[in-house]
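The structure appears right after this line, and notes come after that.
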Amino acid sequence: MGTQRPENSHDNADDVSTRLCWIAEIAKRLPNERLSALAHHIDVRWMQEAFDRTRKDGGTGIDGQTATEYRSNLLENLESLVERAKSGTYHAPSVRRVYIPKPGSTETRPIGIPTFEDKVLQRAVVMVLEPIYEQSFQSFSYGFRPGRNQHQALQELRKGMTENKGGWVIDLDIRKFFDTLDRGKLREIMAKRIGDGVIRKLIDKWLKAGVMENGEISYNEAGTPQGGVISPLLSNIFLHEVLDEWFINDVQPRMQGKSFVVRFADDAVLGFENKCDAERVMAVLPKRFNKYGLTVHPEKTKLIDMSMPTNRSQNGDSHDGDTGSFTFLGFLHHWGKSRNGYWVIRQKTDKSRLARAILKVTEWIQKNRHLPLKEQQQKLNQKMMGHYGYYGITGNSRSLSRYFYAIQTSWHKWLARRSNLRSFTWAMFYECLKRCPLPRPRIVHSYV
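For the sequence shown, the positions run 1 to 448 when our numbering is used.
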């Protein structure tokens, strides 16, 4: 089934937002149909929008071309890109692999950097596919979707656990998901909805594109495109079938009590009111994921007793699972007392994340202590406000204060080591803070 625009809409034919709405409307109207006429939407105007939506400050790919260089001859470049994409002559370039240090560690982690032009084309395809799949994605999926973020996922998790009075939680960990995703299964899943040959061939080319490291190209048989703009959408499409639809259609109807899922990309938490329901799902999860070529991590996937502390001694549940807390999206989730003395689900910064955040800023202070104080203050304000912007949620004030005082202490320590400030006392530092204050902890996301 195609997504051809109606004949009476020629006046708005070149308006990308109108076409996006039209694709979404067709997808919603025909939820079980394969959509075939999609690539015709990708014209120069569409590609221009994709260019505008592509980050310009990322690293360069194997061709070394920057966004500025690509923009210098933009129209010709986009026209050529459209022609090559539709004619089948586009060659997906290998991804450049680089290693970046892990904060607070001597270890590194690999990341992939596609060429800038490849990013633009991937963004153009994402713009076609996103309005189609957004009509079927479940509301509890929050990762890399328009209008959704981590804080909404955290609120949904808190709400579900509160309604279950904690209950039992499965903290799901998929071993090396982005590296082991079964491409054959992904093609089968996408074939149910996408029938456009141009779109599917482009995705195939990105899946098969190699990785260049030290001048040599290697090819993987599994996984999503490294660093690709399209990778998050492909992962959501895959897990929508593997986990989301399965849980809604097959699992929940068989549960004796209430249950819920909150998923952000490949991180997921499954909550259950009853222990027996949680144990049944825990037992079948490995089989479900193995069917799609994925592995549930046997050590990191845990069944956790999150029942309200006052109920644990009353309900007679044994405590053979992990008890009392788990981490999700950088927060430790546990029971605690409110100011009024009631038991509530608390979400505070995970200890390792807090230590990593403090260490990262401390290292910056040490390396840049020679800069003028005002310049240091401005940079520190940006870093600290960024931390508050993510971790500043209801009930996390204590962790925010620890972060604030740790940064303040570190700044004093390294200012005192400047050659001209060896006698830099705390009194002197407090006078300095009056002129160059650091931002105080603040709650940015209120759940009340």
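Ideal Cβ positions, reconstructed from N, Cα and C, are used throughout, including at glycine.
Please read all numbers here as calculations on a predicted model, not as lab measurements.
Open item on the list: Assuming M212 is part of the beta strand (DSSP E), what are its boundary residues?
Closed with: Mapped onto the sequence shown, residue 212 falls at position 212. Note, M212: beta strand (DSSP E), V211 to E213.
Task: C-alpha gap between G316 and K192, whole angstroms - done: What you label residue 316 is simply residue 316 of the sequence shown in a count that begins at 1. What you label residue 192 is simply residue 192 of the sequence shown in a count that begins at 1. Only weak support is given to the placement of G316: the predicted model assigns it a pLDDT of 46, under 50, and the question is left unresolved by the model.
Open item on the list: Under 8 Å, with one C-beta from each stretch per pair, do the region 36-50 and the region 76-90 reach the 3-pair mark?
Closed with: yes
TODO: Could you tell me whether the Cβ atoms of S121 and F328 are closer together than 8 Å?
DONE: Within the sequence shown, residue 121 is the residue found at index 121, counting from 1. Within the sequence shown, residue 328 is the residue found at index 328, counting from 1. The question names Ser, but residue 121 in the sequence shown is Leu. No.
Task: Cβ-based neighbour list, F116, same chain, cut-off 6 Å, excluding 5 preceding and 5 following - done: Sequence index remark: in the sequence shown, residue 116 carries index 116 (1-based). These residues qualify, in order along the chain: Q65, A67 and Y70.
Open item on the list: Alpha carbons only, please: which of G215, L186 and Q256 is nearest the one belonging to Y292?
Closed with: Residue 292 sits at position 292 when you count from the first residue of the sequence shown. The option with the nearest alpha carbon to Y292 is L186.
- [ ] Report buried or exposed for G321, applying the criterion of at least 16 other Cβ atoms within 10 angstroms of its Cβ.
- [x] If you number the sequence shown from 1, residue 321 lands on position 321. Caution is warranted here: a pLDDT of 44 is assigned to G321, below 50, making its placement in the model unreliable, and the coordinate value is therefore given only provisionally. The residue in question, G321, is buried, as its Cβ has 16 or more Cβ neighbours within 10 Å.
Task: Coarse secondary structure for G330, derived from DSSP in three states - done: Translated into the one-based positions of the sequence shown, residue 330 becomes position 330. Three-state result, G330: coil.
TODO: Would you mind sorting M385 into buried or exposed? The rule is 16 or more other CB atoms within 10 Å of its CB.
DONE: For the purposes of this step, residue 385 is taken as residue 385 along the sequence shown, with counting starting at 1. That one is exposed.
Task: Under 8 Å between C-beta atoms of V262 and V251 - done: In the sequence shown, counting from the first residue as 1, residue 262 sits at position 262. In the sequence shown, counting from the first residue as 1, residue 251 sits at position 251. Cβ distance not < 8 Å, so V262 and V251 don't count as in contact.
Open item on the list: By the three-class DSSP mapping on this structure, what secondary structure does V269 have?
Closed with: Taking the first residue of the sequence shown as 1, we reach residue 269 at position 269. Strand at V269.
- [ ] Could you check what DSSP says for I203 in three-state terms: helix, strand or coil?
- [x] Your numbering for residue 203 matches position 203 in the sequence shown. Here I203 sits in helix by DSSP.
Open item on the list: Quick check on the burial criterion: 16 or more other C-beta atoms within 10 angstroms. Buried or exposed for V126?
Closed with: As a first step, residue 126 must be located in the sequence shown, where it is residue number 126. Under this definition V126 is a buried residue.
Task: Per-residue DSSP class, three states only, for R19 - done: By one-based count along the sequence shown, residue 19 stands at place 19. DSSP places R19 in helix when its eight states are reduced to three.
- [ ] Pick out whichever of T409, E375 and F137 has its Cα sitting closest to the Cα of C436.
- [x] Counting from 1 along the sequence shown, the entry for residue 436 is found at position 436. Selected option, being the one with the closest Cα: E375.
Open item on the list: Please classify I248 as buried or exposed, where buried requires at least 16 neighbouring CB atoms within 10 angstroms.
Closed with: Counted from its first residue, the sequence shown places residue 248 at position 248. Exposed, because fewer than 16 other Cβ atoms sit within 10 Å of the Cβ of I248.
- [ ] Tell whether a beta-carbon distance below 8 Å holds between F178 and T224.
- [x] On the sequence shown, residue 178 is found 178 positions in, with the first residue counted as 1. On the sequence shown, residue 224 is found 224 positions in, with the first residue counted as 1. For F178 and T224, yes; Cβs fall inside 8 Å.
Open item on the list: Quick check: the Cα distance between H40 and I443, rounded to an integer number of angstroms?
Closed with: Taking the sequence shown and counting its residues from 1, one reaches residue 40 at position 40. Taking the sequence shown and counting its residues from 1, one reaches residue 443 at position 443. Approximately 47 Å, taken between the alpha carbons.
TODO: Can you tell me which of V361, R254 and T18 puts its alpha carbon nearest to the alpha carbon of G413?
DONE: Residue mapping note: residue 413 aligns to position 413 of the sequence shown, counting from 1. The identity of residue 413 in the sequence shown is Lys, whereas the question assumes Gly. It is V361 whose Cα lies nearest to the Cα of K413.
Open item on the list: Would F424 and L415 be called neighbours here (beta carbons separated by less than 8 Å)?
Closed with: Reading the sequence shown from its first residue, position 424 is the one you call residue 424. Reading the sequence shown from its first residue, position 415 is the one you call residue 415. Yes. Within cutoff.
Task: CB of S36 within 8 Å of CB of D196, strictly - done: Working through the sequence shown from its first residue, we reach residue 36 at position 36. Working through the sequence shown from its first residue, we reach residue 196 at position 196. A contact, by the Cβ cut-off of 8 Å.
Open item on the list: Among the candidates G160, N381 and W22, whose CA atom is the shortest distance from the CA of K258?
Closed with: Indexing the sequence shown from 1 puts residue 258 at position 258. Checking every option, the nearest Cα to that of K258 belongs to G160.
- [ ] Can you have a look at D52 and say buried or exposed, based on whether 16 or more other CB atoms are within 10 angstroms of its CB?
- [x] Within the sequence shown, numbered from 1, the residue matching residue 52 stands at position 52. Exposed is the call here.
TODO: Return the chain-ordered list of same chain residues with a C-beta closer than 6 Å to the C-beta of W411, the five sequence neighbours on each side being excluded.
DONE: Position 411 of the sequence shown, counted from the first residue, corresponds to residue 411. Correct list, in chain order: I365.
TODO: Thinking S399 and H240 are a contact (beta carbons under 8 Å), I'd like their distance in whole angstroms, please.
DONE: Stepping through the sequence shown from its first residue, residue 399 is reached at position 399. Stepping through the sequence shown from its first residue, residue 240 is reached at position 240. With 8 Å as the limit, S399 and H240 do not qualify as a contact, their Cβ atoms being about 33 Å apart.
Task: Reduced DSSP secondary structure (H/G/I, E/B, other) of L78 - done: Position 78 of the sequence shown, counted from the start, is the residue given in the question as residue 78. In this structure, L78 counts as helix in the three-state DSSP scheme.
Task: CB contact flag (K351, F331, <8 Å) - done: Your numbering for residue 351 matches position 351 in the sequence shown. Your numbering for residue 331 matches position 331 in the sequence shown. No, these two residues do not count as a Cβ contact at 8 Å.
Task: Buried versus exposed call for V211 [16 or more other C-beta atoms within 10 Å across all chains shown] - done: The residue labelled residue 211 in the question sits at position 211 within the sequence shown. By the neighbour-count rule (16 or more Cβ atoms within 10 Å), V211 is buried.
TODO: Tell me whether the beta-carbon of S17 lies closer than 8 Å to the beta-carbon of G166.
DONE: For the purposes of this step, residue 17 is identified with residue 17 of the sequence shown, where counting begins at 1. For the purposes of this step, residue 166 is identified with residue 166 of the sequence shown, where counting begins at 1. Not in contact: S17 and G166 (Cβ atoms no closer than 8 Å).
Open item on the list: For L294 and V242, I'd like the C-alpha separation in whole angstroms.
Closed with: As a first step, residue 294 is located in the sequence shown; it is residue number 294 there, counting from the start. As a first step, residue 242 is located in the sequence shown; it is residue number 242 there, counting from the start. Distance between the alpha carbons of L294 and V242: 10 Å.
Open item on the list: Quick check on this structure: which residue in D63, Y390 and W343 has the alpha carbon closest to the alpha carbon of L354?
Closed with: Your numbering for residue 354 matches position 354 in the sequence shown. When only C-alpha atoms are compared, the closest one is Y390.
Open item on the list: If you reduce the DSSP assignment to three classes, tell me which class T180 lands in.
Closed with: Taking the first residue of the sequence shown as 1, we reach residue 180 at position 180. Helix at T180.
Task: Alpha-carbon to alpha-carbon, I42 and L75 - done: Taking the first residue of the sequence shown as position 1, residue 75 is located at position 75. Taking the first residue of the sequence shown as position 1, residue 42 is located at position 42. Distance between the alpha carbons of L75 and I42 is about 14 Å.
Open item on the list: Considering only their Cβ atoms, is the gap separating N236 from G88 smaller than 8 Å?
Closed with: Within the sequence shown, numbered from 1, the residue matching residue 88 stands at position 88. Within the sequence shown, numbered from 1, the residue matching residue 236 stands at position 236. Result no, Cβ atoms of G88 and N236 do not sit closer than 8 Å.
TODO: Please state whether DSSP places V126 in a helix, a strand or coil.
DONE: The sequence position of residue 126 within the sequence shown is 126, counting from 1. V126 falls in the helix class under three-state DSSP.
TODO: Measure the Cβ-Cβ separation of I111 and G184 and say whether it is below 8 Å.
DONE: Here residue 111 refers to the residue found at position 111 when the sequence shown is read from its first residue. Here residue 184 refers to the residue found at position 184 when the sequence shown is read from its first residue. No, Cβ-Cβ distance for I111 and G184 is not below 8 Å.
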